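Under our numbering, the residue at position 78 of the sequence shown is numbered 79, and the numbers go up by one with no gaps.
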Amino acid sequence: MKRSAPKQQSKAPSPGLDQLLQRDDIWRGHSQRFSNRESVDTGFPLLNQYLLNTGWPCNSLIELCQASAGSGDWLLFSPAMKTLLTEHRGHAVLLNPPSLPFAQGLMQAGIPLQQLLVVHTTNKADFVVSFVELARASCCSLLLAWQPKQALTYTELRKCQLACSDNNGLYCIFRPLQVQQQSSPAALRLKVALSQNALDVFILKQQGQLRSQAETPIQLALPQQWQALQAHRKLGDDDLLSPAAANDQAFTHYQPRQNILSMGLRTQNGKKIKLKRHY
C-alpha cells in the first residue's frame, strides 16, 4: 500500500504592514491618533496650546519632575482639581503627600474638602499597589501621588501606567528632579521650576509628539495672590548677609560700655595696682 503524502496545513496569511500599524500598542511618529483623547482643562491657556489635547490627558500617566515638593505641584493641578470635583462626581486622592494640604487655601481655590482623600503608605511596595488600585477605582477622578523615598523602577512605573489606561481619570506622579534623565513610560513628562514671577514648565516628553520643549520653558504667570507677596532672597544671592554682618549694619551706632575686666591695670599714686575681684 502506498502511503498518501501528508497534507500541508494551510497557514493563515500574515497580517500586512497596514494592519500592524493599526494596533493600539504601535505608535507612528506623525500619527494624530493621540490628539483625540479626552482631556481636562489645565486652567492655563498658554499651557493648553502646547499640549496635544489642549489640556491634561486622561487615562494616562503624567509625570512631573520638581526640585522639591511645593515647587509647582499644587499650582499646576489646583484648577483641574476644582473642575473635576465640581463638574463631575468622584474624589481626589492624595497619595503620600509630603504634608497635609492647607484646608483654608483649598477652600479659597474652590476645592470641596468633602471630596478630598489622603492616603499614606509606609513602603514602596504598598505605594505601587495603592496607586494601581486607586487608578482602577471608578470613584477616583484625580490621583496625585508623591514618589516615596525609594526610587521607582521602570517596571513599577509601567504598572502604574497600565492601571491608568483602565480608567478615564487624571493621574499624576511627582518625582525628584534627578530622574529626568531616566526612561519613563509616562505619556506626559514635565519639569517645573518656580521663579520669582512665573512658573517655568518644560515638556520633556509628550506621547504623539516627536519634538519636546525641554530647552524653552513655558512661563506661566503666578496668581495675583502670589505676586502680592514679597519674595525671599535665595541662599545663592551675593548680597545675602550672615546674621553677624546683618547685626553689624543694624547697630552701627551702638557702642557697648567698656568692660571693667578689659581695662587691665589702674594706677594709684603713680603705681600700678591690680584689680581685685569681689564675690
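Ideal placement from N, C-alpha and C gives every residue a C-beta, glycine not left out. Bear in mind the structure is a predicted one, so any value in this text is a computation, not a measurement.
Shortest alpha-carbon distance to residue i belongs to which of the options?
i: residue 158; options: 52, 105 and 180; result: 180
i: residue 177; options: 187, 193, 171 and 165; result: 193
i: residue 49; options: 22, 72 and 78; result: 78
i: residue 187; options: 128, 205 and 83; result: 205
i: residue 135; options: 123, 119 and 189; result: 119
i: residue 197; options: 54, 73, 23 and 43; result: 73
i: residue 323; options: 128, 123 and 82; result: A query on residue 323 cannot be resolved here, the shown segment of the chain reaching from 2 to 280 and no further.
i: residue 47; options: 207, 202, 210 and 208; result: 202
i: residue 209; options: 43, 44, 52 and 23; result: 52
For residue i, does the count of other Cβ atoms within 10 angstroms reach 16, so buried, or fall short, so exposed?
i: residue 18; result: exposed
i: residue 20; result: exposed
i: residue 54; result: buried
i: residue 96; result: buried
i: residue 56; result: buried
i: residue 185; result: buried
i: residue 220; result: exposed
i: residue 84; result: buried
i: residue 130; result: exposed
i: residue 183; result: exposed
i: residue 217; result: exposed
i: residue 44; result: buried
What does DSSP give as the partner residues of residue i in its beta bridges?
i: residue 175; result: 65 and 147
i: residue 201; result: 194 and 220
i: residue 75; result: DSSP output for residue 75 lists no bridge partner at all.
i: residue 207; result: 189 and 210
i: residue 93; result: 117 and 143
List the whole-angstrom C-beta distance separating residue i from residue j, where the pair is believed to meet the contact cut-off of C-beta under 8 Å.
i: residue 41; j: residue 171; result: 5 Å
i: residue 76; j: residue 200; result: 6 Å
i: residue 169; j: residue 88; result: Wrong, their Cβ atoms sit about 14 Å apart, outside the cutoff.
i: residue 189; j: residue 58; result: 6 Å
i: residue 125; j: residue 149; result: 5 Å
Closer than 8 Å to a non-hydrogen atom of the ligand GDP - does that hold for the CB of residue i?
i: residue 118; result: The ligand GDP is not part of this structure, which contains no ligands at all.
Comparing the C-beta of residue i with each C-beta of chain D, is any distance below 9 Å?
i: residue 190; result: Among the protein chains of the structure shown there is no chain D, as only one such chain exists.
Requested in this report: Would you check if the stretch 125 to 144 and the stretch 89 to 106 touch, i.e. whether three or more CB-CB distances between them fall below 8 Å?
Outcome: yes
Query raised in the report: Three or more beta-carbon pairs under 8 Å between the stretch 160 to 174 and the stretch 54 to 70, yes or no?
Result: yes
Query raised in the report: Are the stretch 95 to 107 and the stretch 158 to 168 touching, with three or more C-beta to C-beta distances below 8 Å?
Result: no
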